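Asks:
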Ligand code: SF4
C-alpha cells in the first residue's frame with residue numbers, strides 16, 4: 237500500500253521534527269511512504285474563519301496531489317478531520333472527494349490500520365495527554381466525555397507500548413484549550429483564558445510533558461507556557477512513539 | 334477586528350476571580366449532567382429517539398398544531414394564534430383588559446422575554462410579577478436573564494442578600510441561601526394572593542390530549558395557576574409534540590440535561606381551566622415557521638431549552654451571558670440570533686472555537702457547532718465578515734496556492750524569531766496577547782526532505 241504523507245503547513249514550518257518522527261515511524265512499520273513536495277495547506281484556517289471559497293482551490297489541489305495514494309496520513313487530527321468531514325461540503329461535487337475517505341491522523345492510522353503489537357521506544361517520563369477537540373469529537377481518538385459510551389483512548393493505548401512512560405490526563409479531560417484557528421486571534425481574551433486554564437490542569441497532573449495529536453493546540457499552549465515561564469515541555473505523540481528509532 | 338462579543342468578553346475576564354467563579358459554577362452543572370447521563374445505559378438511544386421525534390414533528394408541524402388546538406378547545410381552553418411578538422403581546426393584553434386584571438403573576442418563560450411582554454404590559458399600567466426566584470431577583474434589579482435555565486446564575490448570594498435587605502427588609506448581611514429563599518417565599522406569597530391572573534410558558538404541548546406541560550423546580554407555576562381564575566399560556570409553535578409517550582422521552586432528558594436532576598420537582602399538566610375560570614393558550618410563530626422550511630437550520634427548532642449547551646460551552650462559561658448581543662446566549666443563542674437577524678447579531682459568531690462539545694451534550698442532537706460554521710461561511714453575503722479576516726484568508730490562500738512561494742516563505746519565516754520584541758509583540762498582534770509566538774524551526778520539513786531523506790531523515 238502506498239501512503240501519501242501530508243505535513244500541514246504549520247507543522248512544516250514550526251514543528252518539522254513532528255513530520256520527521258511521522259515518517260520514521262511509518263517507515264519503521266514497513267510502509268511505503270511518499271511525501272509529495274508540491275503540497276501546501278488543506279484550507280482549514282480559511283474555512284473555519286468563514287472563507288470556504290478561499291479553501292476551495294486548495295482543496296482541489298489537495299485532492300489532485302493526494303488521490304493517487306491508498307492512504308493519506310497526517311500528524312494533525314484537526315487537519316485530518318477537516319479533509320475528512322468538511323471537504324465534501326467545500327468541494328460540493330456529486331462525486332465525494334476521494335481524499336476524504338482515505339485520510340487518517342497518524343495515531344488513528346497506526347492504531348486502527350497498522351496495529352503493531354509493540355514499539356521499540358523508551359520514554360521514562362510523566363506525560364499529560366492533551367485530548368484535542370477535533371481529535372476527540374470528530375475523529376473519535378478517545379471517548380468524548382459528554383457521551384455515555386464505553387471509555388477508550390487510542391492515544392493512551394499507543395503510548396502504553398512505550399517503556400517507562402507514565403500517562404496522566406488533566407481535569408476537564410477534553411475541554412477545549414482555546415486555540416480554534418482564527419478564534420485565537422478574533423477572541424484573544426477568551427482564547428488565552430481557556431489556554432491558561434488548560435495549561436494549569438495539565439501542570440496539576442505533575443507531568444513533565446504535555447503530549448497530543450494536534451500540534452496546533454500544543455503550539456497555543458506552548459505560547460502561553462512560554463509567556464508564563466512554565467517549565468512544562470511539549471511533545472507530539474508520534475515523537476514519543478518514534479523515540480526508539 | 335474585535336467583535337462586540339470579544340470586547341464584552343474582555344471586560345468580563347478582566348475580573349478574573351468572578352470569571353473563574355462563573356466558569357466553575359457552570360462546569361459543576363455540566364458535571365451533574367454527566368453524572369445523570371452516565372447512569373442511564375440507554376442515554377444515547379434516548380437522545381436519538383428525542384431527535385427523531387422532533388424531526389418528525391417539525392416535518393408535520395401544521396398537522397400537529399391543528400390536532401393540538403382542537404384537542405385543547407375540546408378541553409375548554411381558548412386558543413389564540415400570534416404571528417409575531419407584537420400580536421402576542423396585544424392578545425395577552427386584550428385578555429387581561431377584558432378581565433380587568435391589575436396584577437399578573439408569571440412563571441418563567443423565555444418566549445415572553447423574546448416578545449418583550451413585560452415592558453409592554455407595564456407600559457399599559459399592568460403590574461407584572463415574576464415568580465421564579467431567579468427571574469424575580471433580576472426583575473427587582475432591573476436586569477435580564479444571563480442563562481435560559483438559571484437566569485440569575487451570574488449573581489453571587491451576597492448580592493442577592495443586599496437586594497433583599499433593600500427590597501424585602503431581610504436581616505442585614507445575612508446571605509444564607511435557605512434564609513433568603515424563605516424571605517422570598519414569604520414575600521412572593523403576598524403577590525400570589527393578590528394577583529388577578531397567572532401566566533406560564535410551556536415546555537411541551539401534547540397534540541394528542543391538548544394539554545400543556547410546564548416543568549419547574551419551585552412549584553411557582555402551580556401556585557399562580559391554582560390561585561387565579563385566569564391562566565394564560567404562551568407557547569411557541571415548536572413546543573408541540575405528538576403524544577404522552579413521546580413526552581416520556583423528553584421528561585427523562587430535560588432535567589438531567591438542564592440541571593443534573595432526574596426530573597424537575599414539578600411537572601405540571603394543564604388540560605383545562607379551573608372551575609369557573611378561563612385558560613387561554615397563545616401559540617406564537619414569531620419567525621419559527623420560516624426556520625422550519627430552511628433545511629440547513631431547521632434542527633434549531635428541536636431545541637427544548639435545557640441550557641446544557643451553554644453550561645458546557647468553554648466560551649460562554651468564560652464570557653458570561655451578557656457578552657452576547659442576542660437575549661439568549663451560548664451556542665443556542667448564537668444560532669437563534671442569526672436566524673432572527675444575521676445583520677444584527679453576527680457579532681456573536683466569533684464566540685465559538687468549534688470544539689463541538691455542545692453537539693455532544695444536546696439532548697435532542699441539535700448540530701449547533703456545524704450551524705455556526707455554516708453561518709460563518711455566509712457572513713460574507715451580509716457584508717459583515719471582518720476585513721482583516723478576509724485579507725488574512727486571501728493572503729493565506731495566495732501563499733498556499735503557489736507551492737514555490739510557500740517554499741520561499743517556509744525558508745524566510747525563521748527571520749521572525751530574530752525580530753526585536755516591540756516589532757512582533759504589539760497591539761496589532763492579537764496572538765501576542767498572553768502568548769509567545771511559536772518559533773519557526775531553522776529548517777522546515779520541506780527543506781529537510783528536499784535535502785534528501787537519506788541524509789536528514791534516516792540519518
Ligand atoms: S440546543 Fe440542545 S443543549 Fe442547547 S438548549 Fe437547546 S436542547 Fe439544550
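Protein chains in written order, with this note's numbering: chain A, 237 to 481; chain B, 334 to 792.
No residue lacks a Cβ here, since even glycine has one placed at the ideal position from N, Cα and C.
Since we're looking at a predicted model, the values are computed, not measured.
May I ask whether a heavy atom of ligand 1 can be found less than 7 Å away from the beta carbon of residue 664 of chain B?
Replies: Along the second chain, one-based indexing puts residue 664 of chain B at 331. Yes, since a heavy atom of ligand 1 falls inside the 7 Å radius drawn around the Cβ of residue 664 of chain B.
Asks: Less than 8 Å separating the beta-carbons of residue 358 of chain A and residue 452 of chain A?
Replies: Start at 1 with the first residue of the first chain, and residue 358 of chain A comes out as number 122. Start at 1 with the first residue of the first chain, and residue 452 of chain A comes out as number 216. No.
Asks: Per the contact definition of three or more C-beta pairs closer than 8 Å, is the segment 515–530 of chain B in contact with the segment 571–587 of chain B?
Replies: no
Asks: Between the segment 270–289 of chain A and chain B, which residues of the former have a C-beta closer than 7 Å to a C-beta of the latter?
Replies: 271, 273, 274, 276, 277, 281, 282, 284, 285, 286, 287, 288
Asks: Between residue 418 of chain A and chain B, is there a C-beta pair that is closer than 8 Å?
Replies: Locating residue 418 of chain A in the first chain gives position 182, where the first residue counts as 1. Yes, because at least one Cβ of chain B sits closer than 8 Å to the Cβ of residue 418 of chain A.
Asks: May I have the straight-line CA-CA distance separating residue 478 of chain B from residue 359 of chain B, to the nearest angstrom?
Replies: By one-based count along the second chain, residue 478 of chain B stands at place 145. By one-based count along the second chain, residue 359 of chain B stands at place 26. CA-CA distance, residue 478 of chain B to residue 359 of chain B, rounds to 15 Å.
Asks: Just reading off the beta strand (DSSP E) that residue 601 of chain B is part of, what are its end residues?
Replies: By one-based count along the second chain, residue 601 of chain B stands at place 268. Counting along the chain, the beta strand (DSSP E) containing residue 601 of chain B begins and ends at 599–603.
Asks: Compare the beta carbon distance of residue 310 of chain A and residue 472 of chain A with 8 Å and say whether it is the shorter of the two.
Replies: By 1-based counting over the first chain, the position of residue 310 of chain A is 74. By 1-based counting over the first chain, the position of residue 472 of chain A is 236. Cβ atoms of residue 310 of chain A and residue 472 of chain A: not closer than 8 Å.
Asks: How is the alpha helix (DSSP H) around residue 660 of chain B delimited, first residue to last?
Replies: The count along the second chain starts at 1 and reaches residue 660 of chain B at position 327. Note, residue 660 of chain B: premise wrong, no alpha helix (DSSP H); not H, not E.
Asks: Determine the closest residue to residue 696 of chain B out of B/635, B/500, B/448, with distance taken between C-alpha atoms.
Replies: As a working mapping, residue 696 of chain B is identified with position 363 in the second chain. When each option's Cα is compared against that of residue 696 of chain B, the closest is B/635.
Asks: Go through the segment 365–442 of chain B residue by residue and report every complete run of the beta strand (DSSP E) that reaches 3 residues or more, in order.
Replies: Taking only runs of at least 3 residues, the beta strand (DSSP E) segments lying wholly in the segment 365–442 of chain B are 411–415, 436–439.
Asks: Kindly indicate which three-state DSSP category residue 583 of chain B falls into: helix, strand or coil?
Replies: Taking the second chain and counting its residues from 1, one reaches residue 583 of chain B at position 250. Three-state DSSP puts residue 583 of chain B in a helix.
Asks: Only counting runs of 4 or more residues, tell me where the alpha helix (DSSP H) segments fall wholly within the segment 479–526 of chain B, in order along the chain.
Replies: For the segment 479–526 of chain B, whole alpha helix (DSSP H) runs of length 4 or above, ordered along the chain, are 490–501.
Asks: What does DSSP give as the partner residues of residue 404 of chain A in its beta bridges?
Replies: Residue numbering aside, residue 404 of chain A sits at position 168 when the first chain is read from its first letter. The partner list for residue 404 of chain A (beta bridge, DSSP) reads A/364.
Asks: Compare the C-beta of residue 729 of chain B with all C-beta atoms of chain A and state if any pair is closer than 8 Å.
Replies: Position 396 of the second chain, counted from the first residue, corresponds to residue 729 of chain B. Residue 729 of chain B counts as touching chain A.
Asks: Compute the distance between the beta-carbons of residue 602 of chain B and residue 411 of chain B, then report whether it is under 8 Å.
Replies: Stepping through the second chain from its first residue, residue 602 of chain B is reached at position 269. Stepping through the second chain from its first residue, residue 411 of chain B is reached at position 78. In this structure, residue 411 of chain B does not lie closer than 8 Å to residue 602 of chain B by Cβ.
Asks: Going by C-alpha to C-alpha distance, which of A/394, A/367, A/355, A/444 sits closest to residue 413 of chain A?
Replies: For the purposes of this step, residue 413 of chain A is identified with residue 177 of the first chain, where counting begins at 1. Minimum Cα-Cα distance from residue 413 of chain A among the listed residues A/394, A/367, A/355, A/444 corresponds to A/367.
Asks: Residues of chain B with CB closer than 8 Å to the CB of residue 435 of chain A, please, in chain order.
Replies: Looking up residue 435 of chain A in the first chain gives position 199. None at all; the shortest Cβ gap to chain B is about 11 Å.
Asks: Kindly identify the DSSP beta-bridge partner or partners of residue 573 of chain B.
Replies: Counting from one through the second chain, the residue named residue 573 of chain B turns up at place 240. BP columns for residue 573 of chain B point to B/538.
Asks: Drop a sphere of 10 angstroms on the beta-carbon of residue 507 of chain B, count the other beta-carbons inside from all chains shown, and report buried for 16 or more, exposed for fewer.
Replies: Position 174 of the second chain, counted from the start, is the residue given in the question as residue 507 of chain B. Residue 507 of chain B is exposed by the Cβ-count criterion.
Asks: For residue 345 of chain B, does the three-state DSSP call read helix, strand or coil?
Replies: Numbered from 1 along the second chain, position 12 holds the residue referred to as residue 345 of chain B. Residue 345 of chain B: helix per DSSP, three-state reduction.
Asks: Is it buried or exposed for residue 504 of chain B, if we count other Cβ within 10 angstroms and need 16 for buried?
Replies: As a working note, residue 504 of chain B is residue 171 in the second chain. Looking at its Cβ environment, which holds fewer than 16 other Cβ atoms inside 10 Å, residue 504 of chain B is exposed.
Asks: Rounded to a whole number of angstroms, what is the C-alpha to C-alpha distance between residue 448 of chain A and residue 365 of chain A?
Replies: Along the first chain, read from residue 1 onward, the residue named residue 448 of chain A stands at position 212. Along the first chain, read from residue 1 onward, the residue named residue 365 of chain A stands at position 129. Their Cα atoms are separated by approximately 6 Å.
Asks: May I ask which residues mark the beginning and end of the alpha helix (DSSP H) holding residue 309 of chain A?
Replies: For the purposes of this step, residue 309 of chain A is identified with residue 73 of the first chain, where counting begins at 1. Here residue 309 of chain A belongs to no alpha helix (DSSP H); instead the beta strand (DSSP E) covers 307–310.
Asks: In whole angstroms, what is the alpha-carbon distance linking residue 744 of chain B and residue 285 of chain A?
Replies: Mapped onto the second chain, residue 744 of chain B falls at position 411. Mapped onto the first chain, residue 285 of chain A falls at position 49. Cα atoms of residue 744 of chain B and residue 285 of chain A: separation of roughly 26 Å, rounded to the nearest angstrom.
Asks: Ends of the beta strand (DSSP E) at residue 345 of chain A?
Replies: Numbered from 1 along the first chain, position 109 holds the residue referred to as residue 345 of chain A. Counting along the chain, residue 345 of chain A falls outside any beta strand (DSSP E), though it belongs to the alpha helix (DSSP H) covering 342–345.
Asks: Which of the residues in the segment 644–676 of chain B, read from start to end, lie with their CB under 8 Å from any CB of chain A?
Replies: 645, 647, 648, 651, 652
Asks: Name the two residues that bound the continuous beta strand (DSSP E) containing residue 268 of chain A.
Replies: Against the first chain, residue 268 of chain A aligns to sequence position 32. It spans 268–270 - the beta strand (DSSP E) in which residue 268 of chain A sits, taken as one unbroken run.
Asks: Secondary structure at residue 722 of chain B, three-state DSSP: helix, strand or coil?
Replies: Against the second chain, residue 722 of chain B aligns to sequence position 389. Looking at residue 722 of chain B - three-state DSSP - the assignment turns out to be helix.
Asks: What is the DSSP secondary structure of residue 438 of chain A, reduced to helix, strand or coil?
Replies: Position 202 of the first chain, counted from the first residue, corresponds to residue 438 of chain A. Three-state result, residue 438 of chain A: helix.
Asks: Give a yes or no on whether the C-beta atoms belonging to residue 315 of chain A and residue 294 of chain A are separated by under 8 Å.
Replies: Translated into positions along the first chain, residue 315 of chain A becomes position 79. Translated into positions along the first chain, residue 294 of chain A becomes position 58. Against a cut-off of 8 Å, the Cβ pair of residue 294 of chain A and residue 315 of chain A comes out as no contact.
Asks: Taking only beta-carbon atoms, is residue 722 of chain B less than 8 Å away from chain A?
Replies: The residue labelled residue 722 of chain B in the question sits at position 389 within the second chain. Chain A, which has a Cβ nearer than 8 Å to the Cβ of residue 722 of chain B, makes this yes.
Asks: Any heavy atom of ligand 1 closer than 7 Å to the beta-carbon of residue 634 of chain B?
Replies: The residue you call residue 634 of chain B lines up with position 301 of the second chain. No, since every heavy atom of ligand 1 falls outside the 7 Å radius drawn around the Cβ of residue 634 of chain B.
Asks: Quick check: what's the CA-CA separation for residue 418 of chain A versus residue 722 of chain B?
Replies: By 1-based counting over the first chain, the position of residue 418 of chain A is 182. By 1-based counting over the second chain, the position of residue 722 of chain B is 389. Between the alpha carbons of residue 418 of chain A and residue 722 of chain B lies a gap of roughly 8 Å.
Asks: Buried or exposed: where does residue 388 of chain A fall if 16 or more other Cβ atoms within 10 Å of its Cβ makes it buried?
Replies: Position 152 of the first chain, counting from 1, holds the residue named residue 388 of chain A. When all chains shown are included, residue 388 of chain A counts as exposed.
Asks: Residues in the segment 381–392 of chain A with C-beta within 8 Å of chain B's C-beta atoms, listed in sequence order?
Replies: 381, 382, 383, 384, 385
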